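Counting the sequence shown from 1 gives a position; the working numbering is that position plus 284.
Below is one structure; the comments refer to it alone.
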Amino acid sequence: MVVRDSSGARTAVRMGEIGQSLAAVLATVVLDLTAADLTGLEPDRLPGINAIWSSGTVWPSGIADRIRTSSREVGPGIFLVRHLDWA
Numbered sequence: 285m286v287v288r289d290s291s292g293a294r295t296a297v298r299m300g301e302i303g304q305s306l307a308a309v310l311a312t313v314v315l316d317l318t319a320a321d322l323t324g325l326e327p328d329r330l331p332g333i334n335a336i337w338s339s340g341t342v343w344p345s346g347i348a349d350r351i352r353t354s355s356r357e358v359g360p361g362i363f364l365v366r367h368l369d370w371a
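Here it is as structure tokens:
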């Protein structure tokens, strides 16, 4: 995405509006992490996202229990976690 405000007068306001819009869009995105191997991923790389995962998903060490307790089963062996926050 490229945003340009050549007037310079409202750039900060426009960037704030764009940031709010992007946050609203990202809140509706659901990542499919079923059977994903996430062991090499830093825990702070996906803050605030929604994800589906399965028993085959491999989480980074130290967060698997937190993910399990924050999730609900939405199908046989398929789970949903909302607003994933690993921090």
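The beta-carbon is built from N, C-alpha and C at its ideal position, and this holds for glycine as well.
Fair warning: this is a prediction, and the values are worked out from it, not measured in the lab.
Going by beta carbons, Leu322 and Pro344 fall inside the 7 Å limit. Annotated three-state conformation of Ile362 is strand, per DSSP. By the 16-neighbour rule on beta-carbons within 10 angstroms, Leu310 is exposed. In the DSSP annotation of this structure, Ser339 is not part of any beta strand (DSSP E), being labelled neither H nor E. Per DSSP, Asp316 is one residue of the beta strand (DSSP E) stretching across 314-316.
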